[in-house]
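Just below is one structure, and these are the notes that go with it.
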Amino acid sequence: MTENNKDLRQLYIDGQLEEYERVEYENTLSAHQRKEVDAERNFDVLIVKSIESKQEKCPDKLWDDIKSKLEDKSDTSTSVKIIPVYRRPLAYAACAVILFVGIFALIVPKSTVAEQVEIQVDFPKDTTVFAEQAVIKGNQQDIQKTLNEEGFVIDISDIQECNENHGHFVQIIGFNSVEIEGVKHPCAHLYFTCCGQPVSTYIVDKSKKSQEYKFSSSLPQIKRTDKTISNYRIVTFSPHHVETVSGLFCPVESEK
């Protein structure tokens with residue numbers, strides 16, 4: 041076979057010939073040669089499909105699967121050898137590639153971009169309306185218990201003592217889990233008043249790195265503090281005063 045014929049054979053197998061070139065090349069082949077070429081082309085197509093399907097088979101099973109598919113397509117009356125022996129290493133190599141890609145995907149951590157979550161902070165003019173927004177209401181012990189039950193391992197220090205030391209009058213109102221479009225987030229919303237004015241504190245669990253929280257408010261001259269305690273981000277807002285409420289939060293005794 042001349043070099044030119046070898047090139048045409050490979051182009052034909054790869055499906056790279058134009059229609060008229062394909063017809064011309066087929067006319068140069070004997071019936072026996074045509075069966076050989078078609079068998080090789082069928083093999084190439086099937087092995088690519090087998091690799092792309094990522095079949096979880098050992099090399100022998102993969103090879104037998106390809107072989108059976110080719111034999112189904114072949115004319116059983118012909119003496120043409122459909123699958124040359126030298127093709128078996130190709131099947132082993134294909135399986136090795138599939139196995140390597142699968143293991144590599146498992147051991148290499150996927151790089152993920154944190155989801156941006158925006159929380160708009162606003163306060164109604166009526167403090168009573170603000171208080172009614174809290175789903176779970178109670179005293180300091182009740183809210184502390186709820187906070188811990190929701191997985192937030194952080195303490196609220198003695199509010200009465202804080203009032204005596206800072207000259208402000210802080211009261212705790214209640215607790216909400218932050219839910220956006222029905223999805224519960226690793227973020228708690230605590231409701232307070234300070235000297236009769238509303239105060240909101242958001243506690244974000246920073247160990248849950250799949251979300252990044254952005255807090256904003258359209259209210260003019262709103263006061264804000266943002267600090268980190270242990271694995272928690274503590275963000276406090278109020279139109280009145282924020283430092284006293286923000287200072288209530290502290291690590292649990294075991295982490296101090």
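Quick note on numbering: the numbering used here labels position 39 of the sequence shown as 79, and the sequence is numbered without any gaps. For each residue, glycine too, the CB sits at the ideal point set by N, CA and C.
Secondary structure of residue 169 (DSSP, three-state): helix. Straight through space, the alpha carbons of residue 267 and residue 198 are spaced by roughly 19 Å. With 16 or more other CB atoms across the displayed protein chains lying within 10 angstroms of its CB, residue 285 is buried. In the structure shown, residue 227 adopts extended strand secondary structure according to DSSP, grouped into three states. Under the 10 Å beta carbon count, residue 168 is surrounded by fewer than 16 other beta carbons and is classified as exposed. Annotated three-state conformation of residue 209 is coil, per DSSP. A straight line joining the alpha-carbon of residue 164 with that of residue 238 spans about 9 Å. About 5 Å separates the Cβ atoms of residue 255 and residue 159, confirming a contact at the 8 Å cut-off.
One thing to note: residue 259 has its Cβ no nearer than 8 Å to the Cβ of residue 202. For residue 53, the secondary structure class from DSSP, reduced to helix, strand or coil, is helix. Ranked by Cα distance from residue 276, the options 156, 243, 252 are led by 243.
Bounds of the beta strand (DSSP E) holding residue 251 are 251 to 256.
Looking at the DSSP output, residue 238 shares a beta bridge with 233.
By DSSP's assignment, residue 272 forms a beta bridge with 245, 269.
With 16 or more neighbouring CB atoms inside 10 Å of its own CB, residue 282 falls in the buried class. The residue from 226, 231, 263 with its alpha-carbon nearest to that of residue 247 is 226.
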